[in-house]
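Quick note, my numbering runs 123 ahead of the 1-based positions in the sequence shown.
All residues carry an ideal CB built from backbone N, CA and C; glycine is no exception.
Below is one structure, written out as structure tokens; comments come after it.
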Amino acid sequence: MFYIIGSTVVFAFMATMMVFIRLKASKKPASIKKIILPPIMMSTGAFMFLFPVFQIQWIQVVEALIVGAIFSILLIKTSKFEIKGGNIYLTPSRVFPIVLLGLIVVRLIIKLIVGSYISLGETTGMFFILALGMILTWRTTMLIQYLQIRKEQENAPI
124 MFYIIGSTVV FAFMATMMVF IRLKASKKPA SIKKIILPPI MMSTGAFMFL
174 FPVFQIQWIQ VVEALIVGAI FSILLIKTSK FEIKGGNIYL TPSRVFPIVL
224 LGLIVVRLII KLIVGSYISL GETTGMFFIL ALGMILTWRT TMLIQYLQIR
274 KEQENAPI
């Protein structure tokens, strides 16, 4: 029980920090590097699957990826790019922090429910895949949007 409470508290703290980091980042111009680095850095967590306690079945991987992709829709809808002073900025909507915190709460509730049926290691593995699916879908969409805006900006008459 201690591990479930501890991991939930750590997750909630990290997610809250993510809200503040995301809002602060919107004050600086976006770049391809800033868009693709978070999922690359996060993907290193996949090394957990080298340990049997975290290994999950393929159907669980697919389920987690689908739920992550569905969750990412809200992030995609609340993240837009705009051009300011010749630079492209990611401007999250005013509801972005609420959506992100809402997703955190939903994930915590699902985690507690799922965690009562499967082991802590499997739950950890599934929610890592869910988060990775969410961030990969969101960031891939952001990259496509960013590249489209940059192309339009380059093709615009001076």
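Segment limits, alpha helix (DSSP H) that includes residue i
i	result
Ile241	Run containing Ile241: none; DSSP gives neither H nor E here.
Ile179	Ile179 -> no alpha helix (DSSP H), and no H or E assigned at all.
Lys156	155-166
Straight-line Cα distance separating residue j from residue i
i	j	result
Ser202	Met137	20 Å
Gln180	Ile196	25 Å
Glu245	Asn210	43 Å
Thr264	Phe125	38 Å
Range covered by the beta strand (DSSP E) that runs through residue i
i	result
Phe204	202-207
Supposed contact pair residue j and residue i - C-beta distance, whole angstroms, cut 8 Å
i	j	result
Ile258	Pro161	6 Å
Ala192	Thr247	Rounded, the Cβ-Cβ distance is 20 Å, inconsistent with contact.
One or two residues paired with residue i in a DSSP bridge
i	result
Asn210	Lys207
Pro215	Ser202
**OP:** Report yes or no: do the region 244-264 and the region 151-167 share at least 3 C-beta pairs separated by less than 8 Å?
**Re:** In the pairwise beta carbon analysis, the region 244-264 is classified as touching the region 151-167: at least three pairs are separated by under 8 Å.
**OP:** Determine contact between the region 236-245 and the region 139-156, defined as no fewer than three beta-carbon pairs at a distance below 8 Å.
**Re:** By the Cβ test, the region 236-245 is not in contact with the region 139-156, since fewer than three Cβ pairs between them sit closer than 8 Å.
Subject >> At least three beta-carbon pairs within less than 8 Å, the region 218-235 to the region 150-163 >> reply: The answer is no - the region 150-163 does not touch the region 218-235, with fewer than three Cβ pairs under 8 Å.
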